[in-house]
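Q: Position one of the sequence shown corresponds to residue 80 (the working numbering), numbered consecutively onward. Glycine included, C-beta positions come from ideal geometry on N, C-alpha and C. Predicted model only: the values in this text are computed from it and were never measured. I have a structure I would like to understand better, so I am pasting it below and will then ask my questions one at a time.
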Amino acid sequence: MSPVLADVLLVTALIGALALAHRPLGDYMAAVYSAKKHLRVERWIYRAVGANPDTEMRWPAYLRGVLAFSTVGVIFLYVLQRIQDKLPLSLGFKPISPDQAFNTAVSFVSNTNWQSYSGESAMSHVTQTAGLAVQNFLSAAVGIAVAVALVRGFARSRTGDLGNFWADLVRGTVRILLPVSVVAAVLLIAAGAIQNFGDIHTITTLTGDKQPISPGAVASQEAIKDLGTNGGGFFNANSSHPFENPGGFTNLLEIFLLLVIPFSLPRTFGRMVGNVKQGYAIVAAMGIIWFLGVIAVTWIEYAHPGTASQIAGGSMEGKEQRFGEGPSSLFAVSTTMTSTGSVNSFHDSYQGLSGGVLLLGMMLGEIAPGGVGSGLYGMLIMAIIAVFIAGLMVGRTPEYLGKKIGTREIKLAACYILITPALVLIGTAVATALPDGKDAMTNIGAHGFSEVLYAYTSASNNNGSAFAGFGADTPFFNTTLGLCMALGRFLPMVFVLALAGSLAEQRPVPETAGTLRTEKPLFTGLLVGAIMIITGLTFFPALALGPLAEGLAA
């Protein structure tokens with residue numbers, strides 16, 4: 080079987096699996112967040128934290144819950160890293176330095192999982208499991224909760240109530256993320272991923288050198304790492320490490336896990352607003368952008384000219400021989416378009432134009448299909464922008480799902496889409512102007528600029544992947560990237576929840592002959608076009624200085 084045919088079958092199998100999961104998982108999540116009863120274990124948690132899950136919250140109270148919970152998570156994870164040498168199962172590792180502990184704490188709480196350290200040689204078993212893995216669950220649950228609050232804003236009328244943050248947080252963790260992760264972890268263990276709390280083993284290599292082999296609870300962390308679109312690997316090599324990703328089956332399983340909830344949430348959205356066709360329009364826009372990205376990166380990596388690439392059948396630098404160009408490209412596009420950051424190959428080694436596509440996937444706001452929760456609310460914000468543009472074209476007050484998009488709503492949406500570009504471009508400009516940024520580049524010219532641009536794009540959009548040649552473990556980058564991760568995660572949530580509250584207070588507008596049909600293919604095309612144009616106008620100059628210049632010079 081030719082590699083190209085194998086890649087086509089792989090993508091077909093993945094799309095088929097996602098299509099099969101879309102309806103049942105989407106309907107189940109809608110039922111979870113619409114349920115009136117609480118499980119017994121959920122009641123125990125509510126009593127432990129002193130929360131009343133039946134109390135409705137307006138958007139300021141909901142936001143306070145998000146920020147307070149996340150702040151406590153940052154503090155706990157920071158302290159845990161600083162005292163890990165005094166805890167059991169420390170493996171002899173020293174405490175994490177203050178700047179790196181801050182960066183890592185913000186990274187995992189913000190669902191970014193940017194790693195400026197090697198997990199197998201820095202983090203103890205307790206830090207990995209009780210700290211990082213726990214935040215993988217909680218940060219993902221926070222993202223879904225905020226998305227559900229926005230959906231309720233569309234579904235409800237003449238009320239400012241958006242549900243209860245604590246109930247949404249606990250339900251997302253207990254009823255969705257935890258059970259699916261258990262099943263995924265069992266499958267990974269059966270396929271060869273490790274799961275233990277053993278000591279470090281030292282082996283003798285074929286050349287006679289000594290090499291330490293780190294054990295750990297890898298499969299359980301790997302499952303939620305991908306399912307929650309987190310991305311933080313147990314090992315520095317992430318999903319290219321055979322302990323995390325043993326073979327072809329686990330590679331496909333991990334790609335499926337990082338896509339399944341983001342691609343199913345539009346079904347949840349359609350169910351909760353009472354029109355599943357609206358969900359189909361959103362998921363179609365997500366799928367089109369994702370599929371075009373897969374085609375572009377795969378084609379560039381196969382077709383890159385050069386004697387070495389032609390002999391190898393494609394550009395194999397930085398890729399695992401077990402996977403090759405197709406599965407590596409599929410993984411790379413999926414991880415950069417879902418805020419996951421997990422990698423099975425090193426993006427620094429991709430061709431210039433391929434790196435540009437991966438950068439663009441993050442710059443879009445990671446909405447194709449995006450992170451768990453964040454992808455849906457990001458796409459709904461873009462849908463509001465698209466409806467507003469359509470209203471300007473025909474001279475009609477824009478409406479979306481029976482809600483008028485007035486001055487307040489469009490201002491909130493505009494603030495949302497301006498936050499991450501400002502963080503990315505300002506951060507990149509400051510870093511490249513200072514000696515710290517120049518010293519961190521392992522390459523000169525356009526590729527070196529791409530390394531810095533990629534770092535701030537990844538941090539500000541809460542992705543977490545990196546150009547592997549970039550030296551980010553310095554006080555300057557640990558601090559500035561940490562700030563970008565925090566602002567890029569929580570400032571957009573402020574505007575999302577404020578928008579949700581504004582929409583929930585409105586009276587529904589009756590549909591007329593002039594109402595834009597937002598469930599039709601025409602709107603899907605308009606939505607995709609608006610996303611590409613807005614992102615292109617914002618980031619094209621930066622892309623032209625980096626990956627485009629490198630690709631055209633190749």
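Could you pull the start and end residues of the alpha helix (DSSP H) that I498 belongs to?
A: First-last of the alpha helix (DSSP H) with I498: T486 to A512.
Q: What separation, rounded to the nearest whole angstrom, lies between the Cα atoms of A469 and D178?
A: One C-alpha to the other measures close to 47 Å.
Q: Quick check: the Cα distance between F618 and P500, rounded to an integer number of angstroms?
A: Distance between the alpha carbons of F618 and P500: 8 Å.
Q: Using the C-alpha atoms, what's the distance from G353 back to L439?
A: Cα to Cα, L439 sits roughly 33 Å from G353.
Q: Can you check the stretch 524-598 for any alpha helix (DSSP H) of at least 4 residues that lies completely inside it and give the ranges in chain order?
A: Runs found: 524-539 and 554-584.
Q: Within the same chain, show all residues whose beta-carbon is closer than 7 Å to that of Y495, passing over the 5 residues directly before and after it, in chain order.
A: Contacts found: I460, P571, F574 and V575.
Q: What residue range does the alpha helix (DSSP H) around S208 cover?
A: The amino acid at residue 208 is misidentified as Ser; the sequence shows Thr. Note, T208: premise wrong, no alpha helix (DSSP H); not H, not E.
Q: In chain order, what residues of the same chain lie with their CB nearer than 6 Å to the CB of G561, ignoring the 5 residues before and after it?
A: So the list reads F181, N182 and V185, once near-sequence residues are dropped.
Q: Cutting at 7 Å between CB atoms, please list the residues of its own chain near L605, excluding the five before and the five after it.
A: Same-chain partners within the cutoff: A465 and A469.
Q: Can you find the residues in the same chain that come closer than 6 Å, C-beta to C-beta, to V227, ignoring five residues on each side of it along the sequence?
A: Hits under 6 Å: Y112 and D247.
Q: Check for me: the alpha helix (DSSP H) holding K304 runs from which residue to which?
A: Counting along the chain, the alpha helix (DSSP H) containing K304 begins and ends at V297 to L306.
Q: How close, in whole Å, do the beta carbons of S537 and S529 come, if the pair is a contact with beta carbons under 8 Å?
A: Going by Cβ atoms, the distance from S537 to S529 rounds to 12 Å, so no, they are not a contact pair.
Q: Please confirm whether T347 and A525 have their CB atoms less than 8 Å apart.
A: Not a contact, by the Cβ cut-off of 8 Å.
Q: CA-CA distance, N309 and G608?
A: Straight-line Cα distance between these residues: approximately 28 Å.
Q: Hey, which unbroken runs of the alpha helix (DSSP H) at 4 residues or more fall wholly within the stretch 250-337?
A: Fully enclosed alpha helix (DSSP H) runs of 4 or longer: 257-270 and 297-306.
Q: Determine the contact status of E404 and V249, defining contact as a CB-CB distance below 8 Å.
A: Not closer than 8 Å, so no.
Q: Determine the burial state of H204: buried for a count of at least 16 other Cβ atoms within 10 Å of its Cβ, exposed for fewer.
A: By the 10 Å Cβ count, H204 comes out buried.
Q: Hey, how far is the Cα of M365 from the Cα of V213?
A: Between M365 and V213, the C-alpha separation is close to 29 Å.
Q: Might you give, ordered along the chain, the residues of its own chain that have their beta carbon closer than 8 Å to the beta carbon of I390, omitting 5 neighbours on each side?
A: A caution first: I390 carries a pLDDT of 49, below 50, which makes its placement in the model unreliable, though a value can still be read off. No residues qualify anywhere along the chain.
Q: What is the residue span of the alpha helix (DSSP H) that F402 lies within?
A: Careful: F402 lies outside any alpha helix (DSSP H) and carries neither H nor E.
Q: Three-state secondary structure (DSSP) at Y141?
A: Here Y141 sits in helix by DSSP.
Q: Mind checking which residues open and close the alpha helix (DSSP H) that includes E629?
A: Unbroken alpha helix (DSSP H) run through E629: P626 to A632.
Q: By a C-beta neighbour count over all protein chains shown, 10 Å radius and 16 as the cutoff for buried, is W639 buried or exposed?
A: Since the displayed the chain opens at 80 and closes at 633, residue 639 lies outside it and no answer follows.
Q: Under DSSP, the alpha helix (DSSP H) around F187 begins and ends at which residues?
A: Start and end: P177 to V188.
Q: Between the Cα of G580 and those of V225, T286, A447 and L437, spot the shortest distance and give me the residue it belongs to.
A: Checked all of V225, T286, A447 and L437; the closest Cα to G580 is V225.
Q: Taking 8 Å as the cut-off, decide whether the C-beta atoms of M202 and F172 are in contact.
A: It is a contact, given that the beta carbons lie within the stated cut-off.
Q: Give every residue of the same chain whose Cβ lies closer than 7 Å to the Cβ of T476, excluding the five residues on either side of it in the sequence, and list them in chain order.
A: Same-chain partners within the cutoff: G470 and K483.
Q: With burial defined as no fewer than 16 other Cβ atoms inside 10 Å of the residue's Cβ, what is the status of D164: buried or exposed?
A: It counts as exposed.
Q: Exposed or buried, what is E301 when buried is set at 16 or more other beta-carbons lying within 10 Å of its beta-carbon?
A: E301 comes out buried.
Q: Helix or strand or just coil, what does DSSP make of Y479?
A: Of the three classes helix, strand and coil, the one that applies to Y479 here is strand, per DSSP.
Q: Taking C-alpha atoms, which residue in G593, G222 and G144 lies nearest to G251?
A: Out of G593, G222 and G144, G222 has the C-alpha closest to the C-alpha of G251.
Q: With H, G and I counted as helix, E and B as strand and the rest as coil, what does DSSP make of K398?
A: Here K398 sits in strand by DSSP.
Q: For T591, collect the residues of the same chain with a Cβ closer than 6 Å to its Cβ; drop the 5 residues on either side in sequence, then sort them by chain order.
A: Within the same chain, T591 has no close Cβ partners at all.
Q: Report the partner residues of S424 according to the DSSP bridge assignment.
A: In the DSSP output, where bridge partners are listed per residue, S424 has K398.
Q: For the alpha helix (DSSP H) that E380 lies in, which residues bound it at each end?
A: Residues V355 to A382.
Q: Just to confirm my understanding: we take P626, look at its own chain, exclude 5 residues before and 5 after, and list those with CB closer than 7 Å. What are they?
A: Excluding residues within five positions, the ones whose Cβ falls inside 7 Å are G431, L432, G434, G435, L438 and S529.
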